[in-house]
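Visitor: Encoded as structure tokens, here's the structure I'll be asking about.
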Amino acid sequence: MTNPLALDEQLCFPLYAASRAMTARYRPKLEALGLTYPQYLVMLALWERDGRTVGEICGELALDSGTVSPLLKRLEAAGFVTRARSADDERRVEVRLTGEGRELREQACPIPAAMAREVGLPAQDLETLRNLLVRLTAALERTERDER
């Protein structure tokens, strides 16, 4: 009979361990760019679409403003982004890449392919895994909404 509380029977633990291992593999690549992993996520969102509000970045990354605002402050201090109140609505803060922030994108471009190589799984497996994780996240978020 299996133990339902055994660590190796839990779905959460391999997700947690994989996340930690993946983040650790990113660390040296991002340090070379002057970024932490959470800052990299913010930059990815801005490289995808510049001129987002803080709220849009929070929504995209599933982080609260108490987490994102300090990240943006450090990115601004590093010269990668600017923050300014919206002319239309002063409650909204718009975030824009600086020239240095746009240039950083070119240095970051090789990172995803390097990470895929380091993982060492076939491309099809990585795509399947990513798709399953997206579905898992959506299912968990749906369950959370339904419980409210």
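0 is the number of the first residue of the sequence shown in numbering that gives the first Met the number 0; add one for each residue after it. All residues carry an ideal CB built from backbone N, CA and C; glycine is no exception. What you are looking at is a predicted structure, and each value in this text was computed from that prediction instead of being measured.
1) Hey, how far is the Cα of Leu60 from the Cα of Leu43?
2) Does the distance between the C-beta of Leu71 and the nearest non-hydrogen atom of the ligand GDP fall short of 7 Å?
3) Check the DSSP bridge columns for Arg95 and list the partner residues they point to.
4) As a quick exercise: from Asp49, Ala76 and Arg129, pick the residue whose alpha carbon is nearest that of Val94.
5) For Ala51, count the other beta carbons within 10 Å of its own beta carbon; 16 or more makes it buried, fewer makes it exposed. Which is it?
6) Let me know the secondary structure DSSP gives Arg51 once reduced to three states.
7) If you follow the alpha helix (DSSP H) that Gln123 is in, where does it begin and where does it stop?
8) Leaving out the 5 sequence neighbours to the left and right, which residues in its chain are closer than 7 Å to Leu125 when beta-carbon positions are compared?
9) Using the three-state DSSP reduction, which class does Gln9 fall into: helix, strand or coil?
10) Which residue wins for smallest C-alpha separation from Arg91, given the options Gly98, Thr142, Thr97 and Arg82?
11) Quick one: what does DSSP say Leu71 is sitting in, helix, strand or coil?
12) Which same chain residues, not among the five before or five after Gly100, have their C-beta less than 8 Å away from its C-beta?
Guide: A quick look at the data gives this:
1) Take the alpha-carbon of Leu60 and the one of Leu43: they are about 10 Å apart.
2) Questions concerning the ligand GDP fall outside what the structure shown contains, since it holds no ligand whatsoever.
3) In DSSP, Arg95 forms a bridge with Thr81.
4) Answer by Cα proximity: Asp49.
5) Note that residue 51 corresponds to Arg in the displayed sequence, not to Ala. Buried, because 16 or more other Cβ atoms sit within 10 Å of the Cβ of Arg51.
6) strand
7) Ala122 to Glu146
8) Ala115 and Val118
9) Under the three-state reduction of DSSP output, Gln9 falls in the coil class, being neither helix nor strand.
10) Arg82
11) helix
12) Met42, Leu45, Leu74, Gly78, Phe79 and Val80
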